[in-house]
Amino acid sequence: MNECPTPDKARFATLEAAQSFAIRKFLSLGIMLRPYGDCSCEWYHLTSQGSDELTPTETELAREYARLRDLDPPAFVTLVRDDALGRTSKSTAAALRTPGLLERWRAALKELKTDIHAQIEQSRAQEHPGSRDWRNRIAHLQRRLAVRSAETNSLAVAFSTQGTPATSDAEPSRATCGERAVERLVAAHRAEFDRLVHEEYTAAGLSIPQNLLRRDTFLLDATPRTEAAS
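Going by our numbering, the first residue of the sequence shown is number 21, and it counts up by one from there.
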């Protein structure tokens with residue numbers, strides 16, 4: 021494993037772990053963090069590059085949700101592709117990540133992956149000067165679609181644990197969904213969350229806050245360690 025060029029960043033062993041942490045940040049703070057796994061250290065990190073805070077109002081979110089819901093299939097697939105590449109607005113990105121659009125989002129991702137596979141198969145018999153550049157772009161899109169697929173899986177966990185059907189047509193309410201989803205997502209991934217909390221506070225030389233320690237099933241020993249007197 022190579023030395024990490026950004027050692028101050030949180031790191032994750034798997035894409036799923038990174039995405040789960042990113043989803044928690046999105047649901048609790050409205051901040052979109054995107055995982056990336058092309059670091060030389062071979063760990064996954066999170067970045068906010070290309071993604072400002074998602075802070076649309078309830079009215080804007082409901083309006084955008086209705087617009088996305090009414091898009092025809094080709095237009096929706098195009099929007100999902102743009103989102104994977106980070107080309108959508110804040111309100112569009114937030115509306116896409118609501119329970120009523122989750123299954124349609126997943127279906128569009130699957131359609132994009134199938135189309136890419138067909139294009140790759142066809143291109144093998146049609147080599148031309150721009151083929152290498154095209155393959156690089158396709159590979160990049162495949163990686164971004166994989167990230168989005170992992171994100172939909174994390175959202176499905178959050179929505180199912182809070183009892184919100186992924187196929188619901190109810191308009192989103194971040195105030196009612198967000199905080200409950202965070203708590204239940206933490207419960208669903210308790211071991212990973214406890215490990216991250218323990219690592220971050222230990223690295224900073226701080227004791228874990230009482231509001232976290234009050235959870236009666238904290239999985240790691242959070243007792244502050246002190247050096248033995250010499």
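Note that the Cβ used here is the ideal one computed from N, Cα and C, for glycine as well. Since we're looking at a predicted model, the values are computed, not measured.
Check                                                                                                                 : Outcome
Segments assigned alpha helix (DSSP H), at least 4 residues, entirely inside the stretch 116 to 189                   : 122 to 143 and 151 to 181
Identity of the residue in T77, H209 and Q146 nearest T181 by Cα                                                      : H209
Among L122, D103, Q142 and E220, nearest to R164 - alpha-carbon criterion                                             : D103
Within 9 Å, strictly: CB atoms of T112 and L88                                                                        : yes
Beta-carbon proximity list for Q39, same chain, < 8 Å, skipping 5 on both sides                                       : P55, V167, A170, E171, N173 and S174
Neighbourhood of L251 by C-beta distance below 7 Å, restricted to the same chain and skipping five residues each side : No answer is possible for residue 251: it lies beyond the span of the chain, which begins at 21 and ends at 250.
Identity of the residue in P25, I43, L66 and L53 nearest R31 by Cα                                                    : L66
Same chain, Cβ closer than 6 Å to W63, neighbours up to 5 away in sequence not counted                                : R31
Delimiting residues of the alpha helix (DSSP H) encompassing P55                                                      : Where P55 is concerned, there is no enclosing alpha helix (DSSP H), although the beta strand (DSSP E) it sits in stretches over R54 to Y56.
Extent of the continuous beta strand (DSSP E) run through T67                                                         : H65 to T67
Rounded separation between K45 and L99 - CA only                                                                      : 23 Å
F32 - partner residues in DSSP beta bridges                                                                           : Y64
Secondary structure of P25, DSSP reduced to three states                                                              : coil
Residue from C61, V177, E212 and S227 whose Cα sits closest to the Cα of D28                                          : C61
Reduced DSSP category for L99 - H, G, I as helix; E, B as strand; rest coil                                           : helix
Separation of P93 from R101, as counted between CA atoms                                                              : 12 Å
Burial state of D90 (16 or more Cβ within 10 Å)                                                                       : exposed
Residue nearest to E23 in terms of C-alpha spacing, selected from C59, A33 and I158                                   : C59
Euclidean distance between Cα positions of E141 and R155                                                              : 11 Å
Limits of the unbroken alpha helix (DSSP H) element including T79                                                     : E78 to R89
A176 versus A37, A224 and E123, residue with shortest Cα-Cα distance                                                  : E123
D15 to L161 span [Cα, whole Å]                                                                                        : Lying before the first or after the last residue shown, residue 15 is absent from the chain, which here runs from 21 to 250.
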